[in-house]
Structures are given as C-alpha cells and as structure tokens.
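Asks: Right, I'll just put the structure down here and ask away after.
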Amino acid sequence: MKWQDRIFWLFIVWYSIGIVLLSFDLLPWWLEWANAFFLMLAGTLGFLYFYHLFGKKAGISLGIFIFLFTFIVEGAGAGTDFLFGSYDYTKSFAPNLFGVPIAIGFAWLMVMATTHVLASWIIPSGGLLYAVVGAIGAVIIDLIIDPVAFLLKEYWIWQDTGIYYGIPWTNFTGWFTVAFVLHLLIDWLMKRQGIQTRSSILEKRMALLYILITAMFVLLGALGGLWLAALLTTTLAAGFTALAWRRRRV
1 MKWQDRIFWL FIVWYSIGIV LLSFDLLPWW LEWANAFFLM LAGTLGFLYF YHLFGKKAGI
61 SLGIFIFLFT FIVEGAGAGT DFLFGSYDYT KSFAPNLFGV PIAIGFAWLM VMATTHVLAS
121 WIIPSGGLLY AVVGAIGAVI IDLIIDPVAF LLKEYWIWQD TGIYYGIPWT NFTGWFTVAF
181 VLHLLIDWLM KRQGIQTRSS ILEKRMALLY ILITAMFVLL GALGGLWLAA LLTTTLAAGF
241 TALAWRRRRV
C-alpha cells in the first residue's frame, strides 16, 4: 500500500472514531487537539492530491503557496480586519503561529482540492465560470464551518456581527474572493500542463472528502442546535455534489 493510501485510511479511521465520540458526546477535554489534527490530515490529503495532479515541482509549489497565501490572508484578517471582517483567534484551536492556527492553512488546502474537483466536473472547460463555481463550493462548506467554529467551539470570536448567526457578510465574500483567486491559479496550471480532471480514484476521494467534512460539521451543528446552518448546508452541499457527480468525466 502506498503511503498516500495509508494517510487516506488513517483519515477514515480518525473520522469514524470522531463521529462516534461526537455523536454520543464522549470527546474528553484533553482530546480537543484531535480536531486540529483532523483538519491537518484532511489538508494533507488535499496537498497530496495536488502533488499527484501537477507533479512533484508544480504540485508541491502550489500546495505550499495555498497554505502560505491563506495563512497570511487569515492572519491579516485577524490583525487588521482585512477582507473577512473583524475577528480574533482564541487558543482553542492551537497550535498557533503568529496568532493564527496552523490548521487554518491545512483547512484551505482541503477546501481548494475538494472544490477544484467538484467544480471541474461541473465546468470541465475551466475559466472564470469554473472559478466562480469552485468559490461557491467553498462558501457552501463555510456556511457550516463558521457557525460551528465560532459559536460551539469558540476557535475565533467575531467583533463584527451579521444576521447569519452573528457572522458578518464580509466573511463569506472574503471566502468567495480567496477561493476564486486560488481557483484561477489552479485553472492556469491545469491549462499550462494540459491536464483535465476525470473521475479517477483520487478525484473520487476528494469528492468524498468534501462530503465527509461537510457531514462532520453538519453533525456538530445539529448537535449544537444550529439547525438552520445544518439544513441550509446539507441542502446546498447535496445539490452541489450531486450536480458534480452527474456531470463528471469518466
């Protein structure tokens, strides 16, 4: 078994244990670090997907760029209210580097890899429409990630407010903007190397990863009473993934 496969199955095992612990409220306080490690595993899978898709040099460079770019943007957002709105990270999502949780960069790797696959299935020709669809996919998953992380886990605290669980609309436009820009970069690399995304085992794993991460946060949201976020995200994510699966290239 390849080491990439080992990481994937480690994620599946970790995910399955987490579902049981969360469903029955059995997660002890001393195991809270497992949440950050969970996102790190998911981000590592995204990094490995880009490595496979673009090759060693371009894949590693893209993965590092996505991690650093999103890490810096998130740090700037927390420090200067840039792009996302006014918020501050707590120490509940440690380890932090320069005040920003390291898991944030991994989370964005997961988001970009999974939404790339789904968006490229929907819009195989790429271009601006592909980037828009990919950015919408990123916003869909944030509709549940942000309320859970803010209200239930207190990974960050919003100083601004909004009608959606007290989260400002700038957060979602910020997510759309960052994802849109990164999808344009991915699309440029795809066309430069003459690559087309197909329904291979790795692409299917990324689609599954999107579903599993969304389902995990929906579960957390439902258990925490965030019914609107859970229902809205489930509906939109189901439609998004169903459309992608229907239009995939085999």
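Here the sequence shown is numbered in this note's numbering, starting from 1 and rising by one per residue. Where is the CB? At the ideal position from N, CA and C, for every residue including glycine.
Beta-carbon within less than 8 angstroms of Y15's beta-carbon, same chain only, minus the 5 sequence neighbours each way: which residues are those?
Replies: Cβ neighbours of Y15 beyond the five flanking positions: F38, L212, M216.
Asks: Tell me N35's beta-bridge partners as DSSP assigns them.
Replies: In DSSP, N35 forms no bridge with anything.
Asks: I need the DSSP call for P101, collapsed to helix, strand or coil.
Replies: Correct three-state label for P101: strand.
Asks: Please state whether the Cβ-Cβ distance between W221 and V139 is less than 7 angstroms.
Replies: Note that residue 221 corresponds to Gly in the displayed sequence, not to Trp. Contact flag unset, no.
Asks: If you run the structure through DSSP and keep just helix, strand and coil, what is Y155?
Replies: Coil, per DSSP.
Asks: Determine, using beta carbons only, whether G59 and M110 come nearer to each other than 7 angstroms.
Replies: Not in contact: G59 and M110 (Cβ atoms no closer than 7 angstroms).
Asks: Based on the DSSP output, what are the partners of N96 in its beta bridges?
Replies: Per DSSP, P101.
Asks: Pick from D146, F65, Y210, I167: whose alpha carbon is nearest that of V181?
Replies: Of D146, F65, Y210, I167, the residue nearest in Cα terms is F65.
Asks: Looking at L129 and the ligand MN, is the gap between the Cβ and the nearest heavy atom below 6 angstroms?
Replies: With respect to small molecules bound, the structure shown includes none, and the ligand MN cannot be examined in it.
Asks: Throw me the rounded Cβ distance for the T114 and W156 pair, which I believe falls under 8 angstroms.
Replies: Going by Cβ atoms, the distance from T114 to W156 rounds to 22 angstroms, so no, they are not a contact pair.
Asks: DSSP on I167, reduced to helix/strand/coil?
Replies: In the structure shown, I167 sits in a strand (DSSP, three-state: E or B).
Asks: If you reduce the DSSP assignment to three classes, tell me which class D277 lands in.
Replies: No answer is possible for residue 277: it lies beyond the span of the chain, which begins at 1 and ends at 250.
Asks: Do W121 and A244 count as a contact pair if the criterion is CB distance below 7 angstroms?
Replies: In contact: A244 and W121 (Cβ atoms closer than 7 angstroms).
Asks: Starting from Q196, trace the alpha helix (DSSP H) in both directions and tell me its first and last residue.
Replies: Run containing Q196: none; DSSP gives neither H nor E here.
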